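First comes the structure, then the notes that go with it.
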Amino acid sequence: MAATNEPDGTIQGGRRKLRPLIITMGGQRQSHLESMFAHPTMSAHFESPVFSPGVPQRSIRSARGLLQVANSAGLLPQHEWEALSTTGEDLYHQNPLTYLDCLTGSGRSSKPCDDPVVPVLPGREGSQRDKKLHYSIELWWKSKSISRERSVLACFLAHLIAMKRLVEEDFDFVLEDNVRVPVGEETCEAEQERKAYCECAERIWATLDASTKLSAASSIATTNAEDSNKQCHLRYYGWLGSKANLEWIFTTHAKRMRDRADYDDSDGVIFPYPTVDEFRADNPVPTQRECKDNDNGGEEVDGEGAAEEENSKGSGTPIWGAYAYWISREGYEALLSDLRNDVGGILWRGKSMPAYVVKPI
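Just so you know, the sequence shown maps onto residues 95 to 455 in my numbering.
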């Protein structure tokens, strides 16, 4: 693909420049990214980056700070935020400890109130006690003791804020500020000339084109009315995972998808996110100790052998830690709806756990 820019801002060959939205706390990382995208090879394929502010973990240590950021992320019910931003502010300046009393009017904001000043929205998920609490109070109450997990919550909220801007302003992807890319040129022998080439831009376009073709193929091939309009709502451009899971992704899932990939005519491999059934079929991770057949019959796997057995297989979420991605408006609204309906989708605690932990986004 030639990198010559057309007067309308597109790249010769019909492609427009991609629009990045980068989550950053500023400083040296932001300066590095500005320089990186200003490189001639990058600027030929990308517009100048726009930056979405990160969330310092210290800013969410107090109830007021946390709920201000949570509202910016679109989590809080509107009527709760109206009370917090008016009456709550007056109470805060009189006594910070009474900030949440604007919702309950009781002076005991961490406990359910029979007659709250601001009504509790019905229909939320969670325990019976949780359902009686305001969303804002439940979120603050569960996050008070997360300690080292607070940085994870801050990152979680920063991504929600960036997603909101992504869908509202039609950016092409969200990027974290710790990403760097190689830039350079390659010779296009077919045209006998030097053309600027950017591998990351090519991969983004390949993924975008493949997901579009896959959606079209799915809508044509299926006869089920519920599946007749499958669309791609999330594209992962860069992601992490455990060693075992990544080995499965590249050695099994990607190759299997490649054999089926009429929608992918790129030189790389573009594949759909693995379904639960696909992942479990290839990775029968034991939920309890398994018995293995050997020369002496069935023998329980125990101790180090059990750990090695489990570590050699994939488990948990196939991939996680997406640091470059795109989400559709429909996907974003579905995610936000789930989170608004259940604080447990953000913070959870097992029966024997001393404190809540954050579910990374």
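For every residue, glycine included, the Cβ atom is placed at its ideal position computed from N, Cα and C. None of these values were measured; they are calculated from a predicted model.
Out of 350, 447, 433, 445, point me to the one whose CA is closest to residue 164's CA.
Stepping through the sequence shown from its first residue, residue 164 is reached at position 70. Of the listed residues, the one whose Cα sits closest to residue 164 is 433.
First and last residue of the beta strand (DSSP E) that includes residue 233?
Here residue 233 corresponds to residue number 139 of the sequence shown, with the count starting at 1. DSSP places residue 233 in no beta strand (DSSP E) but in the uninterrupted alpha helix (DSSP H) bounded by 229 to 237.
Please list the terminal residues of the continuous alpha helix (DSSP H) segment that includes residue 134.
For the purposes of this step, residue 134 is taken as the residue at position 40 of the sequence shown. Judged by DSSP secondary structure, residue 134 falls within the alpha helix (DSSP H) whose first and last residues are 134 to 137.
Give the DSSP-derived three-state secondary structure of residue 150 in the structure shown.
Translated into positions along the sequence shown, residue 150 becomes position 56. Correct three-state label for residue 150: coil.
Exposure of residue 375, with buried meaning 16 or more beta-carbon neighbours within 10 Å
As a position in the sequence shown, residue 375 is number 281, starting the count at 1. Taking a 10 Å sphere around the C-beta of residue 375, we find fewer than 16 other C-beta atoms and assign the residue as exposed.
On the criterion of 16 or more Cβ atoms from any shown chain inside 10 Å, does residue 136 qualify as buried, or is it exposed?
Indexing the sequence shown from 1 puts residue 136 at position 42. Classification for residue 136: buried.
Please identify the residue among 452, 159, 447 whose C-alpha is closest to the C-alpha of residue 437.
Your numbering for residue 437 matches position 343 in the sequence shown. Nearest option by C-alpha distance: 452.
Pairwise C-alpha distance: residue 345 and residue 351:
Reading the sequence shown from its first residue, position 257 is the one you call residue 351. Reading the sequence shown from its first residue, position 251 is the one you call residue 345. About 11 Å.
Using 8 Å for Cβ pairs, my map puts residue 82 next to residue 150. What's the rounded Cβ distance?
Nothing can be reported for residue 82, as the shown portion of the chain is limited to 95 through 455.
Within the same chain, show all residues whose beta-carbon is closer than 7 Å to that of residue 247, passing over the 5 residues directly before and after it, in chain order.
Mapped onto the sequence shown, residue 247 falls at position 153. Counting only Cβ-Cβ distances below 7 Å, and skipping sequence neighbours, we find 154, 237, 240, 452.
Going by the CB atoms, is the gap between residue 152 and residue 271 shorter than 9 Å?
On the sequence shown, position 177 is the one that residue 271 refers to. On the sequence shown, position 58 is the one that residue 152 refers to. Not closer than 9 Å, so no.
Nearest to residue 264 (by Cα), restricted to the options 114, 443, 188, 427
By 1-based counting over the sequence shown, the position of residue 264 is 170. Closest by alpha carbon: 114.
Which same chain residues, not among the five before or five after residue 415, have their C-beta less than 8 Å away from its C-beta?
Looking up residue 415 in the sequence shown gives position 321. Sequence-distant partners of residue 415 (beyond 5 residues in either direction) whose C-beta falls short of 8 Å from its own C-beta, in its chain, are 333, 334, 335, 454.
Only counting the same chain, and skipping five residues up and downstream in sequence, which positions put a Cβ closer than 7 Å to that of residue 148?
Within the sequence shown, the letter at position 54 stands for residue 148. Answer for residue 148: 117, 118, 119, 252, listed in chain order.
Proximity below 9 Å, CB of residue 161 to CB of residue 234
As a position in the sequence shown, residue 161 is number 67, starting the count at 1. As a position in the sequence shown, residue 234 is number 140, starting the count at 1. In this structure, residue 161 lies near residue 234, with their beta-carbon atoms less than 9 Å apart.
Return the first residue and the last residue of the beta strand (DSSP E) that residue 329 is part of.
As a first step, residue 329 must be located in the sequence shown, where it is residue number 235. DSSP places residue 329 inside the beta strand (DSSP E), whose first and last residues are 328 to 334.
Reducing DSSP to helix, strand and coil, say where residue 417 ends up.
Translated into the one-based positions of the sequence shown, residue 417 becomes position 323. In this structure, residue 417 counts as strand in the three-state DSSP scheme.
Does the separation of the CB atoms of residue 450 and residue 273 fall below 9 Å?
Walking along the sequence shown from the start, residue 450 turns up at place 356. Walking along the sequence shown from the start, residue 273 turns up at place 179. No, the Cβ-Cβ distance between residue 450 and residue 273 is not below 9 Å.
On the DSSP bridge assignment, give the partners of residue 429 in chain order.
In the sequence shown, counting from the first residue as 1, residue 429 sits at position 335. None, per the DSSP bridge assignment.
Counterpart residues of residue 267 in DSSP-defined beta bridges:
On the sequence shown, position 173 is the one that residue 267 refers to. DSSP output for residue 267 lists 114 as bridge partner(s).
For residue 410 and residue 328, believed in contact at Cβ under 8 Å, the rounded distance:
Taking the sequence shown and counting its residues from 1, one reaches residue 328 at position 234. Taking the sequence shown and counting its residues from 1, one reaches residue 410 at position 316. Between residue 328 and residue 410, the beta carbon gap of about 18 Å keeps them out of contact (Cβ cut-off 8 Å).
The alpha helix (DSSP H) that contains residue 163, what's its start and end?
Within the sequence shown, numbered from 1, the residue matching residue 163 stands at position 69. Under the DSSP assignment, residue 163 falls in the alpha helix (DSSP H) whose first and last residues are 157 to 166.
What span of residues does the alpha helix (DSSP H) with residue 223 cover, start to end?
Counting from 1 along the sequence shown, the entry for residue 223 is found at position 129. 222 to 225 is the span of the alpha helix (DSSP H), which, as asked, contains residue 223.
C-alpha gap between residue 195 and residue 173, whole angstroms:
Within the sequence shown, numbered from 1, the residue matching residue 195 stands at position 101. Within the sequence shown, numbered from 1, the residue matching residue 173 stands at position 79. Straight-line spacing of the CA atoms in residue 195 and residue 173 works out to 14 Å.
What's the C-alpha gap between residue 218 and residue 326?
Reading the sequence shown from its first residue, position 124 is the one you call residue 218. Reading the sequence shown from its first residue, position 232 is the one you call residue 326. Cα-Cα distance, rounded: 28 Å.
Kindly indicate which residue of 269, 180, 231, 232 has the alpha-carbon position closest to the one of residue 249.
What you label residue 249 is simply residue 155 of the sequence shown in a count that begins at 1. Of the listed residues, the one whose Cα sits closest to residue 249 is 269.
Where residue 244 falls, given that 16 or more other Cβ within 10 Å makes a residue buried:
Taking the first residue of the sequence shown as position 1, residue 244 is located at position 150. With 16 or more other Cβ atoms inside 10 Å of its own Cβ, residue 244 counts as buried.
Whose C-beta lies closer than 6 Å to the C-beta of residue 260 among residues of the same chain, with five residues either side of it excluded?
Taking the first residue of the sequence shown as 1, we reach residue 260 at position 166. The residues are 115, 268.
Cut-off 6 Å between Cβ atoms - residues of its own chain near residue 423, not counting five sequence neighbours on either side
For the purposes of this step, residue 423 is taken as the residue at position 329 of the sequence shown. The residues are 261.
Quick check on residue 273: does DSSP put it in helix, strand or coil?
By one-based count along the sequence shown, residue 273 stands at place 179. In the structure shown, residue 273 sits in coil (DSSP, three-state: anything other than H, G, I, E or B).
Using alpha carbons as the reference points, say which of 126, 373, 125, 138 lies closest to residue 293.
Taking the sequence shown and counting its residues from 1, the one referred to as residue 293 is at position 199. Sorting 126, 373, 125, 138 by C-alpha distance to the C-alpha of residue 293 places 138 at the top.
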